[in-house]
Amino acid sequence: MPLFDTHNTWAFVFGLMGNVISFAVFLSPVPTFYRVWKKKTTEGFQSLPYVVALFSATLWLYYATQKKDVFLLVTINAFGCFIETIYISIFLAFAPKKARMLTVKLLLLMNFGGFCLILLLCQFLVKGTTRAKIIGGICVGFSVCVFAAPLSIIRTVIKTRSVEYMPFSLSLTLTISAVIWLLYGLALKDIYVAFPNVIGFGLGALQMILYVIYKYCKTPPHLGEKEVEAAKLHEVVSLDMLKLGTVSSPEPAPIAVVRQANKCTCGNDRRTETEDGQNALNGKQSSSAAAT
């Protein structure tokens, strides 16, 4: 069997495009981990997105081994496993003891225990196409849970009438990636690849619609604690949603919290917004926006 199946032209084209986008997304945390290595500290950010990203890539890689003519699905998830392992290794090298122990527990529970359990059950209890269907169903279930995470930032945008924590470039990249992998799944007639990206496309489109609605509204960068946590969760989740249902973030930046959310000022008031706090916020968000 040839390494690349070019008989299905559209699947090859969409798979290649999906690889290019996802490859860039997987590499987006590199500046953050370079700084971690240089400063010898993790600066308080969490390892959970990278642990989940590794688990998701491993699941999809296992699913791809049960199918034919999905080499492009193998390549991107094999690279995902490789690069996420490097990220986690750097985190373990420089994280404080508490964060390091939590990361080890997550790896043992999810990436070792969880995956090994799935692998053993599927290998010994089911065979052939049934095995592929079960693994595909597990991948879809995991991806749907991941894709549902940005609902928190959608709620935050509506409540605060601010899109400061929802960069348009991130939402646009999410939507384009979901569309490409959706088309790849349709070209292969693979519902397990296509279905999660229907949800990803819907949520990405909804975020862009909200951005258009609220882009002329400006809430000062002093949100309540819950809104800030929801915003940081979105930055943790959204990048990995680009990876066929994974979860990662280049850098959850620290944000000053004031326990009072101000009302929206729209239209011409946007021109008279105060610069206090805004310049600082823009500086903290620049690295995440640049990564998308």
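First residue of the sequence shown? That's 1 in the UniProt record's numbering, and the numbers climb one at a time after it.
Note that the Cβ used here is the ideal one computed from N, Cα and C, for glycine as well.
Practice problem: Could you tell me the distance, in whole angstroms, from the CA atom of ILE134 to the CA atom of LEU174? | Solution: 27 Å
Practice problem: Run through the segment 122-166 for me and flag every whole alpha helix (DSSP H) of 4 or more residues, listed as ranges in chain order. | Solution: 128-147, 151-160
Quiz prompt | PRO31, enclosing alpha helix (DSSP H) - first and last residue | solution = Judged by DSSP secondary structure, PRO31 falls within the alpha helix (DSSP H) whose first and last residues are 30-39.
Practice problem: Give the range of the alpha helix (DSSP H) segment to which LEU92 is assigned. | Solution: 71-94
Exercise. Classify PRO196 as buried or exposed, calling it buried when 16 or more other Cβ atoms lie within 10 Å of its own Cβ.
Key: Per the 10 Å Cβ criterion, buried.
Quiz item: So, helix, strand or coil for THR42, using DSSP?
Solution: coil
Quiz item: According to DSSP, is TYR211 helix, strand or coil?
Solution: helix
Quiz item: For MET101, is the classification buried or exposed, using 16 other Cβ atoms within 10 angstroms of its Cβ as the cut-off for buried?
Solution: exposed
Quiz item: Comparing alpha-carbon positions, which option in CYS81, ASP190, ALA93 lies nearest LYS40?
Solution: ALA93
Quiz item: Do the CB positions of VAL163 and LYS215 come within less than 8 Å of each other?
Solution: yes
Quiz prompt | Closest by C-alpha distance to PHE26, when choosing among TRP37, SER56, GLN46 | solution = SER56
Self-check item: DSSP-derived helix/strand/coil call for ASN19
Solution: helix
Quiz prompt | Beta-carbon contacts of VAL36 that lie in its chain and below 8 Å, excluding the five residues immediately before and after | solution = Excluding five sequence positions before and after VAL36, the CB atoms of its chain that fall closer than 8 Å to its own CB belong to THR42, GLU43, ILE90, PHE91, PHE94, given in chain order.
Quiz item: CYS81 to ILE158, Cα distance in whole Å?
Solution: 36 Å
Quiz item: In whole angstroms, what separates the C-alpha of VAL74 from that of TYR211?
Solution: 34 Å
Quiz item: SER169 by DSSP, collapsed to three states: which one?
Solution: helix
Quiz item: Where ALA256 and LEU188 are concerned, what is the direct C-alpha to C-alpha distance, given to the nearest angstrom?
Solution: Residue confidence is low: ALA256 scores 40 on pLDDT, short of 50, so the model does not pin down where it sits. Its coordinate-derived value is still stated next. Each residue's Cα considered, the two are about 47 Å apart.
Quiz item: Quick one, are the C-beta atoms of residue 294 and ILE83 less than 8 Å apart?
Solution: There is no way to answer for residue 294, as the model of the chain reaches only from 1 to 292.
Self-check item: Chain-order list of residues whose beta-carbon lies under 6 Å from that of LEU186 (same chain, five-residue window excluded)
Solution: ALA194
Quiz item: For LYS97, which three-state DSSP category applies?
Solution: helix
Quiz item: On the three-state DSSP scale, how would you describe TYR63?
Solution: helix
Self-check item: Per-residue burial, PHE124 [other beta carbons within 10 Å of its own, 16 or more giving buried]
Solution: Burial call: exposed.
Quiz item: Between PRO49, LYS38, SER47, GLN207, which lies nearest to SER152 when the distance is taken from Cα to Cα?
Solution: GLN207
Exercise. Assign CYS116 to one of two classes, buried (16 or more other C-beta atoms within 10 Å of its C-beta) or exposed (fewer than that).
Key: exposed
Quiz item: Of the residues LYS67, LYS127, LEU183, which one's Cα is nearest the Cα of THR9?
Solution: LEU183
Quiz item: Between the C-alpha atoms of GLY113 and LEU106, what's the straight-line distance to the nearest angstrom?
Solution: 10 Å
Quiz item: Under the rule that 16 or more other beta-carbon atoms within 10 Å means buried, what is THR65, buried or exposed?
Solution: With a threshold of 16 other beta carbon atoms within 10 Å, THR65 falls short and is exposed.
Quiz item: Given ILE138, which residues of its chain have a CB within under 7 Å of its CB, disregarding the five upstream and five downstream residues?
Solution: LEU59, ILE118
Quiz item: What do you get for CYS122, buried or exposed, if any count of 16 or more other CB atoms within 10 angstroms of its CB means buried?
Solution: buried
Quiz item: Leaving out the 5 sequence neighbours to the left and right, which residues in its chain are closer than 7 Å to ALA11 when beta-carbon positions are compared?
Solution: The beta carbon of ALA11 is closer than 7 Å to those of TYR184, ALA187, LEU188 in its chain, skipping five residues each way along the sequence.
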